[in-house]
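Contents: one structure, followed by commentary.
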Amino acid sequence: MSTLADYKKFWSRKFKEDEKAKKKKIKLFKQLASDAANILIKDFKAKKVYLFGSTLDEKIFHEKSDIDLAVEGLNPKIHFSALSEIKKLLFKKANVDLVPMEDASEALKALIFKKGEILYG
Numbered sequence: 001m002s003t004l005a006d007y008k009k010f011w012s013r014k015f016k017e018d019e020k021a022k023k024k025k026i027k028l029f030k031q032l033a034s035d036a037a038n039i040l041i042k043d044f045k046a047k048k049v050y051l052f053g054s055t056l057d058e059k060i061f062h063e064k065s066d067i068d069l070a071v072e073g074l075n076p077k078i079h080f081s082a083l084s085e086i087k088k089l090l091f092k093k094a095n096v097d098l099v100p101m102e103d104a105s106e107a108l109k110a111l112i113f114k115k116g117e118i119l120y121g
């Protein structure tokens, strides 16, 4: 028969395991974001790449989080080609949003500049 102590022990261990898994996933997402930035710079001649959103904030990162990238200097004609290449890199590991800074709202730009991280540029 389970006791309250067993119950607390189980949930404490579960919480620690979940936190460890979350940190591991954040680390993976940051590495994938860096790899994606390299593709954008080398293959698609982007000028700057930023990581923003929940990947940078452990408090709001969750099971459905994706990788949010903002890019400057990416030719709009090749945006979907670039996104396709990044999606190949991330296949079954993460979803990605690729935001052209030139098209971003002023509020989103302010958020990216304030809380984002420059991956390249």
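So that you can map any letter, position 108 of the sequence shown is 108 in the UniProt record's numbering, and since no number is skipped, the others follow by simple counting.
Don't be surprised by glycine CBs; every beta carbon is placed ideally from N, CA and C.
No experiment lies behind these values; they were computed from the predicted model shown.
Note that the C-beta distance between Y120 and I67 is not below 9 Å. Ranked by Cα distance from A37, the options A70, R13 and K92 are led by A70. For K88, the uninterrupted alpha helix (DSSP H) run begins and ends at H79 to L90, by DSSP.
By the criterion of a C-beta distance shorter than 8 Å, G73 is surrounded in its chain by K45, A46, K47 and K48, once the five residues flanking it on both sides are discounted. Take the alpha-carbon of L28 and the one of K20: they are about 12 Å apart.
In the DSSP assignment, the residues bridged to A70 are Y50 and V99.
Counting along the chain, the unbroken alpha helix (DSSP H) around I41 starts and ends at L4 to K42. In the DSSP annotation of this structure, the continuous segment of the alpha helix (DSSP H) that includes E106 starts and ends at E106 to K115. The beta carbon of K22 sits closer than 8 Å to the beta carbons of E58 and F61 from its chain, once the five residues preceding and following it are set aside; these are given in chain order.
DSSP lists Y50 as the bridge partner or partners of I118.
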